[in-house]
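Participant:
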């Protein structure tokens, strides 16, 4: 079970110990799912222009002026309250949600702790987010050199190369597929088993702690 940390003044050692405890990974992660016969080159035909929604951005999250990037830090001014906003953890959604079709976007990630994926519109936004089955997020989560897919009933280890900082995300709404690609070699990192979104709107999802992200100019 994964849980983001409550941000309070902590020593570096205490922060690392807390994050490791929050990860609480299964000692024997399940094997990755079979690869799909797709690659980033063929998926570019489904590329969408993802921008970040400032009305959903959580605290300690600074968005770039073009809404294509986010970094962990304290904003210069307090963000107004919105029912759509993550009020505790440094998470943010894309502006546009999807209820049909195939969609692909690319994001550069760098730092200690981040999550990239998709979230249902009903995802919890108030209080600390606990990553558990049926919580509404399908994503990859990284802490330091460890990367996992947020699968059920336990997380699945994903071998992420040290120099890989660009990830492609593919959503096929009708087939209920979400998959992630390593753009350094255009290979599949992980594909979730098919799910049903039950007609609910699905959004690009990002969470950034001690990290930063940058969306591709066209995705």
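Numbering (full-length UniProt numbering), first residue to last: 1 to 219. In this text, a Cβ means the ideal position worked out from N, Cα and C, and glycines have one as well. Every value quoted in this text rests on a predicted model; they were computed, and no experiment measured them.
Looking at the unbroken beta strand (DSSP E) that takes in residue 43, where does it start and where does it end?
Facilitator: In the chain shown, counting from the first residue as 1, residue 43 sits at position 43. It is not in any beta strand (DSSP E) - residue 43 instead sits in the alpha helix (DSSP H) that spans 40-43.
Participant: What do you reckon, are the CB atoms on residue 118 and residue 189 nearer than 9 Å?
Facilitator: Within the chain shown, numbered from 1, the residue matching residue 118 stands at position 118. Within the chain shown, numbered from 1, the residue matching residue 189 stands at position 189. Going by beta carbons, residue 118 and residue 189 fall outside the 9 Å limit.
Participant: Pull up the distance between the alpha-carbon of residue 42 and that of residue 103, whole angstroms please.
Facilitator: Here residue 42 refers to the residue found at position 42 when the chain shown is read from its first residue. Here residue 103 refers to the residue found at position 103 when the chain shown is read from its first residue. If you draw a straight line from the Cα of residue 42 to the Cα of residue 103, it comes to about 12 Å.
Participant: Can you give me the Cβ contacts of residue 98 inside the same chain, cut-off strictly under 8 Å, excluding the 5 residues immediately before and after it?
Facilitator: The residue you call residue 98 lines up with position 98 of the chain shown. Cβ within range, chain order: 171, 173, 201, 202, 203.
Participant: Pull up the distance between the alpha-carbon of residue 109 and that of residue 198, whole angstroms please.
Facilitator: In the chain shown, the residue the question calls residue 109 occupies position 109. In the chain shown, the residue the question calls residue 198 occupies position 198. Each residue's Cα considered, the two are about 30 Å apart.
Participant: Starting from the Cα of residue 136, find the closest Cα among 158, 54, 178 and give me that residue.
Facilitator: Counting from one through the chain shown, the residue named residue 136 turns up at place 136. Checking every option, the nearest Cα to that of residue 136 belongs to 178.
Participant: Whether or not the stretch 204-217 and the stretch 67-87 are in contact is what I'm after, with contact meaning three or more pairs of Cβ atoms, one per stretch, closer than 8 Å; do they touch?
Facilitator: Cβ pair count under 8 Å is three or more, so yes.
Participant: Specify, as a first and last residue, the run of the beta strand (DSSP E) that residue 71 falls within.
Facilitator: Here residue 71 refers to the residue found at position 71 when the chain shown is read from its first residue. It spans 69-72 - the beta strand (DSSP E) in which residue 71 sits, taken as one unbroken run.
Participant: Kindly identify the DSSP beta-bridge partner or partners of residue 139.
Facilitator: Taking the first residue of the chain shown as 1, we reach residue 139 at position 139. Bridge partners of residue 139: 117.
Participant: By Cβ distance, which residues of its chain are closer than 7 Å to residue 74, with the 5 residues on each side in sequence left out?
Facilitator: Against the chain shown, residue 74 aligns to sequence position 74. Spatial neighbours of residue 74 in its own chain (CB-CB distance under 7 Å, excluding positions within 5 residues in sequence) are listed in chain order as 60.
Participant: Could you name the residues that DSSP lists as bridge partners for residue 108?
Facilitator: Residue 108 sits at position 108 when you count from the first residue of the chain shown. 166, 214.
Participant: Taking all protein chains shown into account, decide if residue 195 is buried (16 or more other Cβ within 10 angstroms of its Cβ) or exposed.
Facilitator: Position 195 of the chain shown, counted from the first residue, corresponds to residue 195. By the 10 Å Cβ count, residue 195 comes out exposed.
Participant: Quick test of your reading: residue 92 and residue 53, contact by CB under 8 Å. State the CB separation rounded to the nearest angstrom.
Facilitator: On the chain shown, position 92 is the one that residue 92 refers to. On the chain shown, position 53 is the one that residue 53 refers to. Contact holds; Cβ gap of about 7 Å.
Participant: Look at residue 107 and residue 50 and say whether their C-beta atoms are less than 9 Å apart.
Facilitator: Here the question's residue 107 lines up with position 107 in the chain shown. Here the question's residue 50 lines up with position 50 in the chain shown. Result yes, Cβ atoms of residue 107 and residue 50 sit closer than 9 Å.
Participant: Under 9 Å between the Cβ atoms of residue 89 and residue 58?
Facilitator: The sequence position of residue 89 within the chain shown is 89, counting from 1. The sequence position of residue 58 within the chain shown is 58, counting from 1. Taking 9 Å as the Cβ cut-off, residue 89 and residue 58 qualify as a contacting pair.
Participant: CA-CA distance, residue 154 and residue 120?
Facilitator: By 1-based counting over the chain shown, the position of residue 154 is 154. By 1-based counting over the chain shown, the position of residue 120 is 120. Taking the straight line from one Cα to the other gives about 20 Å.
Participant: Using the Cα positions of residue 85 and residue 79, report the straight-line distance between them to the nearest angstrom.
Facilitator: For the purposes of this step, residue 85 is identified with residue 85 of the chain shown, where counting begins at 1. For the purposes of this step, residue 79 is identified with residue 79 of the chain shown, where counting begins at 1. Each residue's Cα considered, the two are about 9 Å apart.
Participant: How about residue 192 and residue 146: do their beta carbons lie closer than 9 Å?
Facilitator: The residue given as residue 192 occupies position 192 in the chain shown. The residue given as residue 146 occupies position 146 in the chain shown. No, Cβ-Cβ distance for residue 192 and residue 146 is not below 9 Å.
Participant: Going by beta-carbon coordinates alone, are residue 208 and residue 101 separated by less than 9 Å?
Facilitator: Residue 208 sits at position 208 when you count from the first residue of the chain shown. Residue 101 sits at position 101 when you count from the first residue of the chain shown. No, the Cβ-Cβ distance between residue 208 and residue 101 is not below 9 Å.
Participant: So is residue 160 buried or exposed if we call it buried at 16+ other beta carbons inside 10 Å?
Facilitator: As a working note, residue 160 is residue 160 in the chain shown. Buried, since its Cβ has 16 or more Cβ neighbours within 10 Å.
Participant: Nearest by alpha-carbon distance to residue 185: which of 65, 168, 144 is it?
Facilitator: What you label residue 185 is simply residue 185 of the chain shown in a count that begins at 1. Checking every option, the nearest Cα to that of residue 185 belongs to 168.
Participant: Give me the residue from 95, 180, 105 with the minimum Cα distance to residue 141.
Facilitator: Your numbering for residue 141 matches position 141 in the chain shown. For the residues 95, 180, 105, the minimum Cα distance to residue 141 belongs to 180.
Participant: Have a look at residue 113 and residue 152 and give me their C-alpha separation to the nearest angstrom.
Facilitator: In the chain shown, the residue the question calls residue 113 occupies position 113. In the chain shown, the residue the question calls residue 152 occupies position 152. Computed Cα separation, rounded: 20 Å.
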